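Q:
Number of protein chains: 2
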Amino acid sequence: MPEHNTVSMPEFTHSDTRISELLDFMHQITDLQALGALAEWDQNTAMPGGAAEVRGFQLAALQGVLHELWTNPRLGILLNELRERVQQASFSDADRGLVREAIRYYDRAAKLPRQLVEEIARVQATSFEAWRSARAHSDFARFAPMLTRTIALQREVADRLGYTETRYDALLNEYEPGMTVSTIDRLFVPVREVSKSLLHRIEASGNAIDASCLEGEFPTEKQLALCELLLHAMGYDFSRGQMAQSPHPFTTSFTSPYDVRVTVRPLVNFLQASLMAAIHEGGHAVYEQGSAPTIARTPVAGGASMGTHESQSRLWENAIGRSEPYWQGQIAAVKEAFPYQFARVDLTTFVRALNKVHPSLIRVEADEVTYNLHIIVRYELEKAMVNGDVAVETLPGLWNAKYREYLGIEPTNDAEGVLQDIHWSSGFGYFPTYTLGNLYAAQIFNKLHAVFPDFDQRLARGDSAFILDWLRDHMYKFGAIYPPVELIERVTDESPNPQYFTRYLNAKFEKIYGLPQTR
Amino acid sequence: MPEHNTVSMPEFTHSDTRISELLDFMHQITDLQALGALAEWDQNTAMPGGAAEVRGFQLAALQGVLHELWTNPRLGILLNELRERVQQASFSDADRGLVREAIRYYDRAAKLPRQLVEEIARVQATSFEAWRSARAHSDFARFAPMLTRTIALQREVADRLGYTETRYDALLNEYEPGMTVSTIDRLFVPVREVSKSLLHRIEASGNAIDASCLEGEFPTEKQLALCELLLHAMGYDFSRGQMAQSPHPFTTSFTSPYDVRVTVRPLVNFLQASLMAAIHEGGHAVYEQGSAPTIARTPVAGGASMGTHESQSRLWENAIGRSEPYWQGQIAAVKEAFPYQFARVDLTTFVRALNKVHPSLIRVEADEVTYNLHIIVRYELEKAMVNGDVAVETLPGLWNAKYREYLGIEPTNDAEGVLQDIHWSSGFGYFPTYTLGNLYAAQIFNKLHAVFPDFDQRLARGDSAFILDWLRDHMYKFGAIYPPVELIERVTDESPNPQYFTRYLNAKFEKIYGLPQTR
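Put into structure tokens, the structure is as follows:
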């Protein structure tokens, strides 16, 4: 990729002795954090159930060590010296980002006592196993005690971190620096409205999509091979990654672009789940792999926030990966993997099937129109839990009621209801970043079309390298050097604006479902 | 297993405040060590090649933290107070073992500076990748520079640890506390003699074994399923373990009996490799899983030494796993997995095939008669490297010459020669423990037959639980509470004695090959 080799990379000012000393601290910390990420990856992909408790001890021991490193007085002195100084012109944006993020974590460590951090790690490990068992048995009661414990711990974390408006803001900031409940509530209004309105218009139209080509018998091994092909085609580098299986697909990076792994979960009777998960996790993964090697092993390596991260998984999965031009370039691989099933399926039928709007119970399989309604259910319940407005034992009922209200359907058991996501085995504040990601994705997608007038044509030829190259050079390589909102502004030349998403959604699904255009 | 539930477990004297404080130190250290073990497991089973260098940084950072913990002055004071005191009758053997092992590691940490330990970890990670690449390309030159570096580091380690007779003693003690080159040289003489003499007598007899039933087409998936069956039958607990694949089979325990994993490497055309590797690694694994939960997360959890560990893999693999009674109980599973290949193969033919004596180039596939000659080649080369008596670039030639001398055959490339083992990517002193293990295994096998007069009959009925129960109660549960030689004495009521092995080997192969009996 000659384009990629010639672009300039962000650089730290190694010649400055304070930056250099700070980097030594940061390398040690992030190298140890990588072992924690590995332990979590292993917990999800390989670890035997009997090891859950000792894994909790191991993570707690690591958290203890990390806490000590983050509260090292010499680090405090160093950051204090750099805080103002790094604003001088002789320093780089990378330096400023590094100092900003280091201060954020340093302050956080100062506010959260070591005992609490260790306790959280222990509870997370046990809670994860409780969740896994509860989900397998579709029995919320097995998970409830650990969830109660998690709520108490998350409230304590929020209180210690501090907040100006609501307790939930403190938790949100852990994943999306600078974001608040009031901003999210404002951004989410048009999203909720367009989702409900589009869903209503689609259902009222009586127009149906036949998605039966995605159902049938798709052997796991062939699905896995196809997922690897798609990942390869989108530029995911297997020499710096791996694809495994886990109950809930996810991406892990070990604080460097050199080891970024994804998981999928093939369903033998439903092809869409694994394919879209592969492209989704692939989006996360190419973002991480695109982080500049010059900033590896520091807190600014990787993504800027969960929201910007999700913007990339959603951009690749939905805006690109559910479009007709994309599949024009990739459908041959699907037909080759499953020649019998797709012998009589044409491109348009396949793409329409991938875009079928159908209120479902499972978030990770939701269509683009209803997806954000799934998020809003979780966001509202999280806020209630964190604010102490809800008794844990009532959650399954509340969950089911909200599904009926927003999506018109109701889970028949906890496994497909309140237990479906892994997230609440560790904490709160993460879910809304998924919808933020959708907003950012639409805005970036709009920008890409402006930059590349022949975007669809190139994609239809099977080429997506031009997209990856542009994103690497304008977004990925910067990691967390810029705060999320500033990064989105740099990439799109505009502040986060939910209208790109509402316009994208309306235009796409009005066309697919043959609805009258809103504009 | 009611027998196992009623046996007494070793116990620490938690009521003693010093023991209790020491345990807090040990738990923290071993929990962190477990993350290092996980990183190494991952490196062998999942990690992408591109991550080799950063993995080295990660392990080095962990080594640094561990070094700091092991050299904590408070730990030194505590151990000093306990050193004599723990000999009092009010303390348990577990306490004494814990203090002995803690002192051993504390002294080691005091002698090896942190910078050296970190450097070793970094070199190991890079060296492992160099070895993997060199082996894949059968090109020793790719590995030589890292091996040179490893030799220099190992010599420095030996010099810092200290020794009375030879530099190699210091490295040997890392794996086999209390063992020396002079003892090993003495123990190995009868082993070398019986191996060479038996090999000569077998070759001279002209009697041949037809092992063709083990060759053919054995799909990997079916081999893996069969390995799992055999592991399950020997009492390996999958709820506290996992079986994966790696280029070189191995067992890892994460410093607790709750997570003990094995790997195998099926060869599609040769069934023996995966089956015997599964039983071999299974032996290591049931030893680790049998370590008492009461001593988990301490330096005395797991095995007493590499030699005692290998005694269990060899006991299960060879003494039990290559015997006719064992396969009388297990052959049905083989026939079910591969009905076509084994339709006309009877028990005796199958077992004779597993015991075919045939000088080969690959250690892990060697028969029992030639196995120790493979070890002696490596042991002699290691001593030469550590003593500085050999130039690295001459190693492939020396290796090949020794194979010609001891086994009468010569590798045609480095992959099947000097590059076949992973071990030299980390260090020296390990190989002789394999042959020590064979000696201990024969001695314990003799004891088992004395304890259970109906040993063969029970085994032939498919029962091996009685063996596992006895070994757990008389050996496994004690972990490293007793030094290796003392443990062997406790298990067998006798000091290590090579005659058990020579008698076992002669008797077994004289019978199989119809040779005149030596006694």
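Residue numbers (the working numbering), protein chains in the order written: chain A, 2 to 520; chain B, 2 to 520. Virtual Cβ for every residue (Gly too), placed ideally from N, Cα, C. The structure presented is a predicted model; accordingly, all values stated were derived computationally and were not measured.
Pick out whichever of A293(A), H249(A), Y514(A), H285(A) has its Cα sitting closest to the Cα of V365(A).
A: H249(A)
Q: Determine the burial state of V195(B): buried for a count of at least 16 other Cβ atoms within 10 Å of its Cβ, exposed for fewer.
A: buried
Q: Residues of the segment 11–38 of chain B in Cβ contact with chain A at a cutoff of 8 Å, in chain order, please.
A: Within the segment 11–38 of chain B, the residues whose Cβ lies closer than 8 Å to some Cβ of chain A are H28, Q29, D32, L33, A35, L36, G37, listed in chain order.
Q: Please list the partners that R298(A) has in chain B, where partner means a Cβ-to-Cβ separation under 8 Å.
A: V55, F58
Q: If I follow the unbroken alpha helix (DSSP H) through G418(A), where does it start and stop?
A: For G418(A), there is no enclosing alpha helix (DSSP H), as DSSP gives it neither H nor E.
Q: Taking the alpha-carbon positions, what's the L469(B) to M27(A) distance?
A: 48 Å
Q: Rounded to a whole number of angstroms, what is the C-alpha to C-alpha distance between G283(A) and W317(A)?
A: 8 Å
Q: Can you check which of these residues, S314(B), I152(B), G438(B), is closest to K384(B) by C-alpha distance?
A: Among S314(B), I152(B), G438(B), the Cα nearest to that of K384(B) is on I152(B).
Q: Which residues in chain B sit within 9 Å of P294(A), going by Cβ to Cβ distance?
A: Those do not exist, as P294(A) stays about 10 Å from chain B at its closest Cβ, beyond 9 Å.
Q: With DSSP as the reference, label L408(B) as helix, strand or coil.
A: helix
Q: From the DSSP output, read off the bridge partner residues of M27(A).
A: M27(A) pairs with nothing; no bridge assigned.
Q: Report the CB separation of L215(A) from A279(A) in whole angstroms; it is logged as a contact under 8 Å.
A: Incorrect: roughly 14 Å between the Cβ atoms, too far for contact.
Q: Leaving out five residues on either side along the sequence, give the residues of the same chain with a beta carbon under 6 Å from the beta carbon of L199(A).
A: Cβ within range, chain order: V370, F510.
Q: Examine chain B for any beta-carbon lying closer than 7 Å to the beta-carbon of G163(A), and answer yes or no.
A: Not a single C-beta of chain B is nearer than 7 Å to the C-beta of G163(A).
Q: Which of the residues in the segment 223–246 of chain A, read from start to end, lie with their CB under 9 Å from any CB of chain B?
A: D238, F239, S240, R241, G242, Q243, A245
Q: Identify the continuous beta strand (DSSP E) that holds R262(B) and give its terminal residues.
A: 261–265 is the extent of the beta strand (DSSP E) around R262(B).
Q: Could you check whether T395(B) and T256(B) sit closer than 7 Å to each other, using their CB atoms as the reference points?
A: In this structure, T395(B) does not lie closer than 7 Å to T256(B) by Cβ.
Q: At a CB-CB cut-off below 8 Å, which residues of chain B make contact with A40(A)?
A: Simply L36, L39.
Q: Can we say the segment 348–357 of chain B touches the segment 486–506 of chain B, given the rule of at least three CB pairs closer than 8 Å?
A: Per the Cβ contact rule, the segment 348–357 of chain B is not in contact with the segment 486–506 of chain B (fewer than 3 Cβ pairs under 8 Å).
Q: Flag G283(A) as yes if its beta-carbon sits less than 7 Å from any beta-carbon of chain B, otherwise no.
A: No, because no Cβ of chain B sits closer than 7 Å to the Cβ of G283(A).
Q: If we cut at 7 Å on Cβ distances, does A508(A) have a partner in chain B?
A: no
Q: Check for me: the alpha helix (DSSP H) holding S522(A) runs from which residue to which?
A: In the structure as shown, chain A starts at 2 and stops at 520, and residue 522(A) therefore has no counterpart that could be examined.
Q: Rounded to the nearest angstrom, what separates L83(B) and D43(B) at their Cα positions?
A: 37 Å
Q: Is the distance from the Cβ of P300(A) to the Cβ of E102(A) below 7 Å?
A: The answer is yes: Cβ separation under 7 Å.
Q: Grab me the residues of K112(B)'s own chain with a C-beta within less than 8 Å of its C-beta, minus the 5 sequence neighbours each way, in chain order.
A: Here the set comprises R161, L162, G163.
Q: Below 8 Å, how does it come out for the segment 371–380 of chain A and the segment 224–240 of chain A: are there three or more Cβ pairs, yes or no?
A: no
Q: When DSSP builds the beta bridges, which residues end up paired with Q246(B)?
A: V265(B)
Q: Residues bridged to F251(A) by DSSP?
A: Per DSSP, none; premise fails for F251(A).
Q: Which value, in whole angstroms, describes the spacing of the CA atoms of N388(B) and R19(A)?
A: 44 Å
Q: Alpha carbon to alpha carbon, how far is Y435(A) from F86(A)? Give it in angstroms, no decimals.
A: Reading the sequence as shown, one finds Arg at residue 86(A) and not Phe. Straight across, the Cα-Cα distance linking R86(A) with Y435(A) is about 36 Å.
Q: Under 8 Å by Cβ, that's how I've got H281(A) and H310(A) pegged, so tell me the actual separation to the nearest angstrom.
A: Not really, about 11 Å apart at Cβ, beyond 8 Å.
Q: For Y259(B), count neighbouring C-beta atoms within 10 Å of its own C-beta (all shown protein chains included) and say buried if the count is 16 or more, exposed if not.
A: buried
Q: Decide if E289(B) is buried, meaning its Cβ has at least 16 other Cβ atoms within 10 Å, or exposed.
A: buried
Q: Would you say A302(B) faces chain A, with C-beta separation under 7 Å as the test?
A: no
Q: Apart from the five residues on each side of it in sequence, which residues of its chain come closer than 6 Å, Cβ to Cβ, to Q243(B)?
A: R262
Q: Is it true that the CB of F141(B) sits closer than 7 Å to the CB of E454(B)?
A: According to the sequence displayed, residue 454(B) carries Pro and not Glu. For P454(B) and F141(B), no; Cβs fall outside 7 Å.
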